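Take a look at the structure set out below.
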Amino acid sequence: MNKIRRKPTHPGCILREDYLKPLSITVTDMASKLNVSRKTLSKILNEKGAVTPDMALRLSRAFGTTPDLWLNLQKNVDLWEAENLSRDWRRVRPLPETMLLVNKDEKRI
Numbered sequence: 004m005n006k007i008r009r010k011p012t013h014p015g016c017i018l019r020e021d022y023l024k025p026l027s028i029t030v031t032d033m034a035s036k037l038n039v040s041r042k043t044l045s046k047i048l049n050e051k052g053a054v055t056p057d058m059a060l061r062l063s064r065a066f067g068t069t070p071d072l073w074l075n076l077q078k079n080v081d082l083w084e085a086e087n088l089s090r091d092w093r094r095v096r097p098l099p100e101t102m103l104l105v106n107k108d109e110k111r112i
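Last residue of the sequence shown: 112 (our numbering), numbering continuous.
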């Protein structure tokens, strides 16, 4: 795995600093424009909630971006947290190469 030392920037921080602040949009106004509750948006902006696929669609439509932008930002945070805040995954051992091949003529799944 590629080791990222610094935690990636949460999409809520990017939304807050690069979109809402420069446009002088309040949390309440943006929540209304996105048709979500203020609480839902506030959780994301305060980095306590995740950007879901549904929210990514709403943000991409509102700001003329792609849903992938928001989902990739969230994925980066989620993977960093999984790798750095949990150690359980380290106990999993790779399966032997012979188990991963159905037969010698077929490729791995």
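Positions of the beta carbon are idealized from the N, C-alpha and C atoms, including for glycine. It should be emphasised that the depicted structure is a prediction, and the values quoted were computed from it without experimental measurement.
Distance between GLU84 and PHE66 (C-alpha atoms, nearest Å): 27 Å
Sufficient close CB pairs (3 or more, under 8 Å) joining the segment 72-84 to the segment 10-22: yes
Touching by the beta-carbon criterion (3+ pairs, under 8 Å), the segment 51-58 and the segment 27-34: no
Status (buried if at least 16 other CB within 10 Å, exposed otherwise) for ARG61: buried
Straight-line gap, LYS51 to SER63 (C-alpha atoms, nearest Å): 20 Å
Top-ranked residue by Cα proximity to ALA53, from LEU98, ARG96, THR101, HIS13: HIS13
Helix, strand or coil at ASN75 according to DSSP, with G and I counted as helix: helix
Through-space distance from GLU86 to TRP123, alpha-carbon basis: Lying before the first or after the last residue shown, residue 123 is absent from the chain, which here runs from 4 to 112.
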